[in-house]
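Visitor: Have a look at this one before I ask anything.
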Amino acid sequence: MVTKKQSRVLGRPRRFAPEQAVSAAKVLFHQKGFDAVSVAEVTDYLGINPPSLYAAFGSKAGLFSRVLNEYVGTEAIPLADILRDDRPVGECLVEVLKEAARRYSQNGGCAGCMVLEGIHSHDPQARDIAVQYYHAAETTIYDYIARRHPQSAQCVTDFMSTVMSGLSAKAREGHSIEQLCATAALAGEAIKTILKE
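Right under this line is the structure:
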């Protein structure tokens, strides 16, 4: 008599696609912030268990890194498109601020900028990830200004960063798009005055 052994795969196969998990986690991290989301909450939200999270992403911060990468690629302000050399610098910077106001206020229940909020994380790894994206954007703005206004580049870049951080914070507090755009326009007038354009 011959008996057949049925082979059984140990463990459960991965029931989620990491790319889909990143997109789903982006909403959770954007709404609550990295620090306010526990591993238990994110795994429950994604419908997976903690070992699956660690196997796919290494850590909660590893997932956050992937989330920020997707966020920057799909939802960040398109600086390369706005900061054009054929237009006045001040005009382009005002457009960056207005675009920030629009994006920060209209994000499907996720107000503010995830990068700007992420740089305040208490988790060093998550904070460092956000700071890298923040510095890259700052450098892009600085380099753009410096090509035509080298003496004012650092001051105006610092001002832009401060205003954008404020717009993000106010969006999270519930300010309307009209309020944010009014603030962006006012800041834009200051920039044009500084640059004498």
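In the working numbering, the protein residues as written are 133 to 329. Note that the Cβ used here is the ideal one computed from N, Cα and C, for glycine as well.
Taking the C-alpha atoms as reference points, what is the distance between G241 and A319?
Guide: 26 Å
Visitor: Using only alpha-carbon positions, find the residue among Q286, F196, I277 that is nearest to Q257.
Guide: F196
Visitor: Taking a contact to mean a Cβ-Cβ separation below 8 Å, would you say Y236 touches C224 in this structure?
Guide: no
Visitor: Let me check understanding here. Comparing Cα to Cα, which of A316, A153, L200 lies closest to S184?
Guide: A153
Visitor: By the three-class DSSP mapping on this structure, what secondary structure does D176 have?
Guide: Of the three classes helix, strand and coil, the one that applies to D176 here is helix, per DSSP.
Visitor: So what does DSSP say about Q311, is it helix, strand or coil?
Guide: It is helical.
Visitor: Would you mind giving the Cβ-Cβ distance between A187 and A316, rounded to the nearest angstrom? I have them listed as a contact below 8 Å.
Guide: Wrong, their Cβ atoms sit about 43 Å apart, outside the cutoff.
Visitor: If you drop the 5 nearest sequence neighbours on each side, which residues of the same chain put their C-beta closer than 8 Å to that of R279?
Guide: Here the set comprises D217.
Visitor: Would the beta-carbon of E310 fall within 8 Å of that of T289?
Guide: no
Visitor: I'd like the list of long-range same chain contacts for F166, defined as Cβ closer than 7 Å, with 5 residues on each side in sequence excluded.
Guide: F196, G250, S253, D255, A258
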